[in-house]
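Heads up: the structure comes next, in structure tokens.
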Amino acid sequence: MTATANTNGTKAAKVKKPSKSGAAATWADDRLGLGGLAKKNLRKVFPDHWSFMLGEVALWSFVVLLLTGVFLTLWFRPSMVEVMYDGSYTQLRGIEMSEAYASTLNISFDVRAGLLMRQIHHWAASIFVAAMMVHLLRVYFTGAFRKPRELNWVIGSLLLLLGTLEGFTGYSLPDDLLSGTGIRAADGFMKSIPVIGTYASFFLFGGEFPGDSIIPRLYTIHVLLIPGILLALIAAHMLLLVYHKHTQWPGPGRTEKNVVGFPMLPVYAAKAGGFFFVVFGALALMGGLMAINPVWRYGPYNPAEVTAGSQPDWYMGWPDGALRIMPGIESSFWGVTIPWNVFLPIIVLPGLMFTILLMLPFIEAWITGDKREHHLLERPRNAPTRTAIMVALMTFYGLMWAAGGNDIIATELHLSINQITYFMRGAVFIGPVIAFLIARRWCISLQRHDNETLLHGYESGVIMRDALGGYTEKHLPLPLERAYTLTARDRDEQQLSLPGTDGNGVVKPGSRKDQVRAKLSDWWYRNNVQKPTRAELEEAHHHAELEHVHDAPLEGHAADGHQFDGRHDVHGEELRSH
Amino acid sequence: MSDKHELALTESDPIADPGLPAHLPRPTDVDESAEIRAERQVAALFGISTIFTLLFCVAYFTLDIGDNPTVFLGLGASNVALGVTLGLALLLIGIGAIQWARKLMADTEMVELRHPAGSSEEDKAESIAALNAGVEESGIGRRPLIRNSLLGAMAALGLPAIVALRDLGPLPGDKLFHTVWKKGMRVVQDVDGSPIKPEDMEIGQLVNGEPAVFFEEDANGEPIYHGVELQVEKAKGAVIIVRMQPDDIKPMKGRENWGVEGILCFSKICTHVGCPISLWEQQTHHLLCPCHQSTFDLADGGRVIFGPAARSLPQLPMAVDSEGYLVATSDFTEPVGPSFWERG
Chain A
100 MTATANTNGT KAAKVKKPSK SGAAATWADD RLGLGGLAKK NLRKVFPDHW
150 SFMLGEVALW SFVVLLLTGV FLTLWFRPSM VEVMYDGSYT QLRGIEMSEA
200 YASTLNISFD VRAGLLMRQI HHWAASIFVA AMMVHLLRVY FTGAFRKPRE
250 LNWVIGSLLL LLGTLEGFTG YSLPDDLLSG TGIRAADGFM KSIPVIGTYA
300 SFFLFGGEFP GDSIIPRLYT IHVLLIPGIL LALIAAHMLL LVYHKHTQWP
350 GPGRTEKNVV GFPMLPVYAA KAGGFFFVVF GALALMGGLM AINPVWRYGP
400 YNPAEVTAGS QPDWYMGWPD GALRIMPGIE SSFWGVTIPW NVFLPIIVLP
450 GLMFTILLML PFIEAWITGD KREHHLLERP RNAPTRTAIM VALMTFYGLM
500 WAAGGNDIIA TELHLSINQI TYFMRGAVFI GPVIAFLIAR RWCISLQRHD
550 NETLLHGYES GVIMRDALGG YTEKHLPLPL ERAYTLTARD RDEQQLSLPG
600 TDGNGVVKPG SRKDQVRAKL SDWWYRNNVQ KPTRAELEEA HHHAELEHVH
650 DAPLEGHAAD GHQFDGRHDV HGEELRSH
Chain B
418 MSDKHELALT ESDPIADPGL PAHLPRPTDV DESAEIRAER QVAALFGIST
468 IFTLLFCVAY FTLDIGDNPT VFLGLGASNV ALGVTLGLAL LLIGIGAIQW
518 ARKLMADTEM VELRHPAGSS EEDKAESIAA LNAGVEESGI GRRPLIRNSL
568 LGAMAALGLP AIVALRDLGP LPGDKLFHTV WKKGMRVVQD VDGSPIKPED
618 MEIGQLVNGE PAVFFEEDAN GEPIYHGVEL QVEKAKGAVI IVRMQPDDIK
668 PMKGRENWGV EGILCFSKIC THVGCPISLW EQQTHHLLCP CHQSTFDLAD
718 GGRVIFGPAA RSLPQLPMAV DSEGYLVATS DFTEPVGPSF WERG
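Going line by line, the protein sequences match chains A and B. Using my numbering, you'd call the opening residue of the first sequence number 100 and step up by one each time. Using my numbering, you'd call the opening residue of the second sequence number 418 and step up by one each time.
So this is what it looks like as structure tokens:
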């Protein structure tokens, strides 16, 4: 139909009255000029994959933390002034305690929904840190940290560090016996720092431990300083995500040059927005049904008391493990003391591990010499060395974490704590190496398996018996889409054009740095399996066709003798060879 | 160019990209009754959510909270009811929205093109030119005197930022080297402040002790130590008193007379990171720290026999006073608690 009028109306056309929401949008745009921004982003495309949801869990837990945290600040009093408790919890009534602890009891027993909010807040903190870690692993294992996203990796790592500190400052606030013991240990950590340690401790605590300043100071850090930085970094993290556009898995029609998925409005607005309610709902259920940090059982902080089996929150477990298995070494010389047994595992080691984490993208890019942009994700198997490095780091983390529960392992499994500790001292060094080797080999085997399926098809489960009585399983070619997806990855040879090597990755005499780099690059790629070439694929398909021709006469024809298997009409049948 | 390299360039795609697969319609796209069913599902989820929100309000006003969190599932009826109703109200909104997106919103995949993260050469050149023009007009390159004095002034501003934090706390001085213990101060039970006679203690017994001054009052009837001061002194002054078979004890040189009839007194503060130590193994005379499992042999001068601690537990020299109660004969002879730089 053309656009000409199809009636001979006599009335002049009237401009349609704008809708109310349209008028509001115009009002806002006239002042903010959001049209340009909205045009680009309202229908922005996001690719879909279950693993992209992990970061969302972290984001929404953070929002839940903000909401429940504000609720808690309305009643919590960050003060170490001694008061006599006279609230609802009878077991502690009449006991002297800090106002911080008393107000935490008040939130738990005298403010309706207070205990719920406290428990949601604590669960959300645990989930926040856990989700960040799992998200970090996803990003690393799929190579999503590569150019141009290295800075977002750095921001993400900082978020993890700050989230952990935020958790520690948070669970220290109630000033109960358990968290007070944690603060006391933190005081010991600080004092182990050479030269400035004692001063740092006196300045943070406003004098000698415990003093009356630490809870208010931690409170400011917990509700203002760290959340402020977290918010800013999360905003930067999200802006960069939008600017770079999300990575996607390779597949038919999904390339380095495009992004395929569903539009922000309406699909992701509904899915991601809905997911916020799912996360919040799940956390609310946890807060209602699962007790966490029942501070009323621990009692108020008393520097002369301790509970058996004192354990920090789980994300603080791994440095605590390092602290437990470190041999007791201390140096005293020239009138000063360096407690290596504390300084190394709790100050140096976490700093070192965090630096390694932060540097991973840059180390890999330096070794591989890869300067291209990457928007397609890699399967972990297709980067065996990268995958194995993270598996080694995870093993180190896991062993340290287990060492942090050595007393629990000992009592639950009836083992000697001494033997567990001695074992862990070795395991944290040997374990990661073994894990690295196994993971790398495993990846390479999986790469081989992919090539097998590409070249010879997948196992169909159909058993063929040939004329000589031999049995073979029929392999069928992969569907085209699947085969394409398997081959949609880089050949590693593309990388081997580093200075210091010739095109084949062989080391040329050159500068020392280039040589180290070339050797590392060779080590990085050495055993990787490359995808088949076009010629190899054609050769394999040709072979498969021959096999097919060979098998064709057998299709639907039973081998000789099978005509008498009792399931066929035997009338007029005889053995063919007779 | 090598063979391999050439291969990499020409053969990046051994199988040609078959392109995006055709869109397959969902049941809700083609079957009107399925569409209506999905619509009702979503609306029902939102509707039930509202009911749970109302139930939350009902639970808030009807259920008591209070003295006993162990009434219901160890959590209290109010907490359970509020958590479950709020959780389900939220979950149902989320599930409804996701169901809406999956079943009813368009599910045709869209393609957007990517652009390099970096800006175009033109933009780069223009911004560098603008930057240079700005720098040039400021004359910062030509006038090093201004530049350097400004940099110096800004750097100096770092000082107030540090100096102003000076009052965060007092200087350590020798505070970490002393406790309230002194010659003649009674060692008392930490629960009620009652003094201890050697004959009150059995072999193998451990008593948590504190200096008597924590329980004493001044002339006005006010406790001498209370509040923060008490916490600070407790953090250093807490002790444990143990009685062992005198024959089992291997006294360190110069400490032969620090005990009374097999009763020894040690600092309760772990020399590792400062947890109070409390797990006592009667038979072996071992004292285990519950935080990081440092183990001390109290029969052998508080020596570390296992774990991450590096130094022996400081021992408090003891005697009995004229009334026969246990007293300290001096302060600790070394700092108690975790090691620090100035400890020497």
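Where a beta carbon is used, it is the ideal one built from N, C-alpha and C, also for glycine. All figures in this text were calculated on a predicted structure; none of them were measured in a lab.
* **CB-CB length for V358 of chain A against K344 of chain A, believed under 8 Å** => 5 Å
* Asked: Where does A104 of chain A land, buried or exposed, given buried means 16+ other C-beta within 10 angstroms?
  -> Low confidence applies here, because A104 of chain A scores a pLDDT of 47, under 50, leaving its location unreliable; read the following figure in that light. Looking at its Cβ environment, which holds fewer than 16 other Cβ atoms inside 10 Å, A104 of chain A is exposed.
* Reducing DSSP to helix, strand and coil, say where S312 of chain A ends up. => coil
* **Three CB pairs or more closer than 8 Å across the segment 351-370 of chain A and the segment 519-526 of chain B** => yes
* Kindly indicate which three-state DSSP category D275 of chain A falls into: helix, strand or coil? => strand
* If we count the other Cβ atoms within 10 Å of its Cβ and call it buried at 16 or more, is N637 of chain B buried or exposed? -> exposed
* To do: Identify every residue that forms a DSSP beta bridge with Y570 of chain A.
  => A:R564
* **Supposed close pair I510 of chain B, F374 of chain A - CB separation, criterion 8 Å** => In fact, because the Cβ distance is near 11 Å, the residues do not count as touching under 8 Å.
* Positions along the segment 689-701 of chain B whose CB lies within less than 8 Å of some CB in chain A -> H689, V690, G691, C692, P693, I694, S695 and L696
* Can you tell me whether DSSP reads A736 of chain B as helix, strand or coil? -> strand
* **Pairwise C-alpha distance: F240 of chain A and I512 of chain B** => 29 Å
* Asked: How about P351 of chain A: is its Cβ closer than 6 Å to a heavy atom in the ligand ADP?
  -> Inclusion of the ligand ADP in the displayed structure is not the case, the ligand content being empty and no account of it being possible.
* To do: Compare the C-beta of K573 of chain A against all C-beta atoms of chain B and say whether one is closer than 7 Å.
  => no
* **Residue-level contact to chain B via CB, N481 of chain A, 7 Å cutoff** => no
* Give the residues from the segment 454-474 of chain A that approach chain B closer than 7 Å (Cβ to any Cβ), ordered along the chain. => E472 and H474
* Compute the Euclidean distance between the alpha carbons of F757 of chain B and A546 of chain B, then round it to the nearest angstrom. => 55 Å
* Asked: On the three-state DSSP scale, how would you describe F145 of chain A?
  -> strand
* Taking C-beta pairs closer than 7 Å, name the residues in chain B that E638 of chain A reaches, listed in chain order. => Neighbours of E638 of chain A on chain B: none; closest Cβ ~12 Å, over 7 Å.
* L681 of chain B touches chain A at which residues, Cβ-Cβ below 8 Å? -> Here the premise fails: no neighbours, minimum Cβ distance about 18 Å.
* Boundaries (first-last residue) of the beta strand (DSSP E) holding V744 of chain B -> L743 to A745
* **Exposed unless 16 or more other CB atoms sit within 10 angstroms - verdict on R524 of chain A** => exposed
* Asked: Closest by CA to S684 of chain B, which one among B:K653, B:L705 and B:D714?
  -> B:K653
* **chain A within 7 Å of D714 of chain B, Cβ atoms only** => no
* Where G281 of chain A and D412 of chain A are concerned, what is the direct C-alpha to C-alpha distance, given to the nearest angstrom? -> 10 Å
* Stretch pair the segment 258-278 of chain A + the segment 309-319 of chain A: three plus CB contacts closer than 8 Å -> yes
* Mapping DSSP to helix, strand and coil, what is C706 of chain B? -> coil
* Where F161 of chain A sits in the DSSP three-state scheme -> helix
* **Where E307 of chain A meets chain B, residues with beta-carbon distance less than 7 Å** => K592 and V649
* Asked: If you compare alpha carbons, which of A:V394, A:L456, A:G530 and A:R625 is closest to L207 of chain A?
  -> Note that residue 207 of chain A is Ser in the sequence shown, not Leu. Measuring from the Cα of S207 of chain A, the nearest candidate turns out to be A:V394.
* To do: In angstroms with no decimal places, state the Cα-to-Cα distance between C708 of chain B and P315 of chain A.
  => 25 Å
* To do: For A573 of chain B, count neighbouring C-beta atoms within 10 Å of its own C-beta (all shown protein chains included) and say buried if the count is 16 or more, exposed if not.
  => exposed
* Asked: chain B beta carbons: is any one of them nearer than 7 Å to that of G434 of chain A?
  -> yes
* Which residue comes first and which comes last in the alpha helix (DSSP H) that contains E539 of chain B? -> E538 to S555
* Asked: Going by Cα to Cα distance, which pick from B:G558, B:V677 and B:Y477 is closest to V744 of chain B?
  -> B:V677
* Give the straight-line distance between the Cα atoms of P755 of chain B and E650 of chain B, rounded to the nearest whole angstrom. => 15 Å
* Residue from A:L215, A:M179, A:D209 and A:F161 whose Cα sits closest to the Cα of E646 of chain B -> A:M179
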